[in-house]
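Each protein sequence line maps, in turn, to chains A and B. Note that my numbering gives residue 314 to position 314 of the first sequence, counting from 1, and the numbers run on in steps of one. Note that my numbering gives residue 1351 to position 351 of the second sequence, counting from 1, and the numbers run on in steps of one. Cβ atoms here follow ideal geometry from the backbone N, Cα and C, with glycine treated the same way.
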Amino acid sequence: MSAIDPTAHLTAEQIEELGRELDAIRDEVIAGRGEKDAAYIRKVISAQRKLELVSRGVLLFSIFPPAWLIGTAGLSVAKIMDNMEIGHNILHGQWDWMRDPKIHSTTWEWDHVSPADQWKHSHNELHHTYTNVIGKDNDLGYGIMRVDEDQKWHPFHLGQPLWNFINACFFEYGIAAYDLELGKNLHKRRRKNPEFRARAKAVGRKIRKQVLKDYVIHPLLSGPSFLPTLAATFTANLVRNIWTHSVIMCGHFPEGVQVFERRSIKGETRGQWYLRQMMGSANISGSKAMHFMTGNLSHQIEHHLFPDLPSNRYAEVAVKVRALFEKYELEYVTGPLPKQVFSAWHKVFRLSLPNKKPKVKTPDREQELVAA
Amino acid sequence: MTSAALRSRAWKLLEMVTTPLLPSDYLDLVSPLRAGADLRGRIEAVHPETGDAATIVIRPGRGWRGHTAGQYVRIGVDVDGVRLWRAYSITSPTNRQDGRVTITVKAIPDGKVSNHLVRRAKPGTLIQLDQPTGDFVLPQAKPAKVLYLTAGSGITPVMGMLRDTEFDDVVMVHCAPQPQDVIFRNELHDLVADKKLRLTEVHTDTDGMLDIARLDELVPDWAERETWACGPAGLLDAAEEHWTEHGVQERLHTERFRPSIVVAGDGGEVTFSATGKTVDADGATPLLDIGEEAGVLMPSGCRMGICFGCITPLKTGAVRDLRTGEITEAEPGVLIQTCVSAAAGPCDIER
């Protein structure tokens, strides 16, 4: 948290007006959703399935180096598409309006060790509601890192660059552990909780299926290519994990992103909630292909304002949202991927060491609003 | 090992390869109409019938079990990207050589699906299908004399019967605003020319609504005829009353396209607990509409309380049947038809 509140110049009325303008942007997209959007997601799903099928087919001959390279690259891209543009966004309910039971947040399952329903709870309900609120949003460092000066330092944080690197390599397992709230639930007393045990079992089942597919069945089907295929699926999972980890780090950790104190969200209005999402997220700039491969999470600010709008619409929404940032004189944090990744990593390194705690006063908007 | 056991093993192995997807998710990409797939159909042609009605020729998937003349089929069509389900009578005969089935749709004002099918449906489009159903059908034993009493698009199930089975003595009384609004008019007149049908057209724009008492004059022996009637509620209500009055109600078979009575009361807060959504509902809007509006995945069908395609567990609270006003309270195992039930106070629908 910077020492100066970057939203201090806004009155309570302005914030509510901002909220109304954002609502209008949202309503416009919802009114215009239709056949083209439906065709888009179906096309992406179909392309992903074909790419995965072909890549796995090519990997049956992975003993030949060109086949290994092409198959591994294809499978990596297919897994990234599955997790980002398809899985993440469908599980957000972005495509529920189509009423297609095959493309619906309540029926979808993804190529990931965390079962969809557990991820939906920790991600959609907790992270998206309490975005960047210290002590409420576990995405702030995933419980293993300090990513803001205001988070308390502990000698454990000295190792956080290493923790972050390990987390990047095995990100899907990190997320599964995180969705299980493993840190909290491994205490002796909680371990026996039947609800936790049921959820842990579900994760276990999902891990078993994923591992069996990638590291046993597919290599076995490859016959003499057993080992190269094993290496290929491991590499594809690694590439997917590091890529998704990098994209997600860019969403909330780069310099310029604000975090909030618990008390600052008490009695938060719709406008204030929007404002927190605007200040708590960061975008990645780049080409259409880059946006696609991030599952349009490169439009993290727009995604956090409107988590359930179809991802193919974030690019057009971004133009209008950016204009609002300018109108209300707020900083739109964005930058190319390498710059944002560096910025986030820089923070991870910097905050592994203790710092002097800056004192900051957030204006008490609740009182202001009553006064207004 | 038997071949069935082998196949099931091979399938299990395939599932292990495709997890978290199913092998069928991949097969659907290339062969959506194959045996074993979810039942779908492909629109092969759209033939205009009148200014606002068209016949849709559908090639059903391999799982199609075939229909009985007079039955309807539920179809799921994507309109503006949104999957909507409706029920339509099948108008093709059961013995059609090429295995295609047809439905004939009349575009009703503000009807999303009917207007889409009549005016915008394109050959090649995949639609979702359900197995045909409905008990507005011909009996096994041929009746000696038959009367078809229809109005508007109520002619569609009857056309399915006319094309399917020939009877010795068939009379039809059909109501439509004007001659050009009569669906299948040419075909009907051909049947008349071949002496296979006696037809009376009532053109309501000039003749006025059919007074059921006029049947005595139009079809003097109506009471002796096995009768199938389909049309708007007004006509069917009058027919039921008329046949009952004359003590021949067992000869009358009716099919309604819309629920007849609407009883509304106070609404309440509706929770869709599986999806985690809560919305306010008035006491007149079907819970099906409320859920769909809120983005909940609601099963649906005829939307008029007959097909039971929408039944959903009621976990807590109470709902009102919009046709009768009857209140249903939650108990374990209680299922409600969301298309004809509205909230009667706070309730929890398991979707």
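When you compare only the Cα positions, how much space is there between A1274 of chain B and H121 of chain A?
If you take the alpha carbons of A1274 of chain B and H121 of chain A, they lie about 13 Å apart.
Any idea if E149 of chain A is buried or exposed, counting beta-carbon neighbours within 10 angstroms, 16 or more meaning buried?
It is buried - the Cβ of E149 of chain A has at least 16 other Cβ atoms within 10 Å.
Pull out every residue of the segment 1082-1098 of chain B whose Cβ sits closer than 8 Å to any Cβ of chain A, in chain order.
V1082, R1083 and L1084
Does the structure place the segment 66-84 of chain A close enough to the segment 234-252 of chain A that three or more beta carbon pairs sit under 8 Å?
Of all C-beta pairs linking the segment 234-252 of chain A to the segment 66-84 of chain A, three or more are shorter than 8 Å, placing the two stretches in contact.
For a cutoff of 8 Å on Cβ pairs, would you count S46 of chain A as touching chain B?
Cβ-Cβ to chain B under 8 Å: yes for S46 of chain A.
So, at 8 Å on beta carbons, what are the nonlocal neighbours of A1229 of chain B in its own chain, with the 5 sequence-adjacent residues on each side left out?
Y1148, L1149, T1150, G1154, L1235, L1236, A1239, L1252, H1253, T1254 and E1255
Show which residues of chain B have a CB atom less than 7 Å away from the CB atom of H104 of chain A.
Under the 7 Å cutoff, chain B gives L1297.
CB contact check: Y1026 of chain B to chain A, cutoff 8 Å
yes
Enumerated in chain order, which unbroken segments of the alpha helix (DSSP H) with a length of 4 residues or greater are wholly contained in the segment 1134-1191 of chain B?
Within the segment 1134-1191 of chain B, the complete alpha helix (DSSP H) runs of at least 4 residues are 1155-1164.
Output, in sequence order along the chain, the residues in the segment 149-181 of chain A whose CB is closer than 9 Å to any CB in chain B.
none
Determine the closest residue to V216 of chain A out of A:L60, A:P6, A:Q14 and A:V54, with distance taken between C-alpha atoms.
A:L60
Using a cut-off of 7 Å between C-beta atoms, extract the partners of R33 of chain A located in chain C.
The structure shown contains no chain C; the protein chains it does contain are A and B.
Runs of alpha helix (DSSP H) wholly within the segment 4-49 of chain A (minimum 4 residues, chain order)
12-32
Expressed to the nearest angstrom, what Euclidean distance is found between the alpha-carbon atoms of K1196 of chain B and S1114 of chain B?
Cα to Cα, K1196 of chain B sits roughly 31 Å from S1114 of chain B.
Please identify the residue among B:D1130, B:A1141, B:G1063 and B:A1223 whose C-alpha is closest to the C-alpha of G1099 of chain B.
Of the candidates B:D1130, B:A1141, B:G1063 and B:A1223, the one whose C-alpha sits nearest the C-alpha of G1099 of chain B is B:G1063.
Can you find at least 3 beta carbon pairs, one from the segment 1286-1297 of chain B and one from the segment 1331-1342 of chain B, that sit closer than 8 Å?
yes
Could you pull the start and end residues of the beta strand (DSSP E) that W1085 of chain B belongs to?
DSSP places W1085 of chain B in the uninterrupted beta strand (DSSP E) bounded by V1082 to S1089.
At least one CB of chain B closer than 8 Å to the CB of S2 of chain A: is that the case?
Low per-residue confidence applies at S2 of chain A: pLDDT is 49, beneath 50, and the placement is therefore not dependable enough to give any value.
Beta-bridge pairing of E1201 of chain B - partner residues as DSSP gives them:
Under DSSP, E1201 of chain B shares a beta bridge with B:H1174.
Check the Cβ of E1292 of chain B against every Cβ in chain A and list those closer than 9 Å, keeping chain order.
R99
Which value, in whole angstroms, describes the spacing of the CA atoms of T334 of chain A and D1080 of chain B?
If I take the Cα positions, the gap works out to 34 Å.
Counting C-beta neighbours from all protein chains within 10 Å, is the total for H1246 of chain B 16 or more, i.e. buried, or is it exposed?
exposed
Can you pull the chain A residues whose beta carbon is under 8 Å from the beta carbon of D1078 of chain B, in chain order?
E35, A38, M98 and D100
Under 6 Å Cβ to Cβ from M1161 of chain B, same chain only, skipping five residues before and after it: list those, please.
A1069, G1070 and L1138
W1228 of chain B by DSSP, collapsed to three states: which one?
strand
Leaving aside the five residues before and after A39 of chain A along the sequence, list all residues of the same chain whose C-beta is less than 7 Å from its C-beta, in chain order.
none
I'd like to know whether the C-beta of I217 of chain A is nearer than 8 Å to at least one C-beta of chain B.
yes
Go ahead and label N355 of chain A buried or exposed: buried means 16 or more other beta carbons lie within 10 angstroms of its beta carbon, across all protein chains shown.
Classification of N355 of chain A: exposed, given that the 10 Å Cβ count is below 16.
Residues near V1202 of chain B by beta carbon distance below 6 Å, same chain, minus five either side:
Only C1175 and L1210 meet the Cβ criterion.
Chain-order list of residues whose beta-carbon lies under 6 Å from that of S101 of chain A (same chain, five-residue window excluded):
For clarity, residue 101 of chain A is Pro in the given sequence; the question names Ser instead. Correct list, in chain order: T107.
Helix, strand or coil for G135 of chain A per DSSP?
coil
Residue(s) in a DSSP beta bridge with Q1337 of chain B
B:I1311
Determine the extent of the beta strand (DSSP E) in which D1078 of chain B is found, giving its start and end residues.
Unbroken beta strand (DSSP E) run through D1078 of chain B: Y1072 to V1079.
Check whether chain B comes within 8 Å of E437 of chain A, counting only Cβ atoms and requiring the distance to be less than that.
Here chain A comprises residues numbered 1 to 372, so residue 437 of chain A is not present and cannot be evaluated.
Span of the beta strand (DSSP E) around G1041 of chain B
R1040 to T1050
Using beta carbons (cut-off 8 Å, strictly below), is L140 of chain A in contact with chain B?
no
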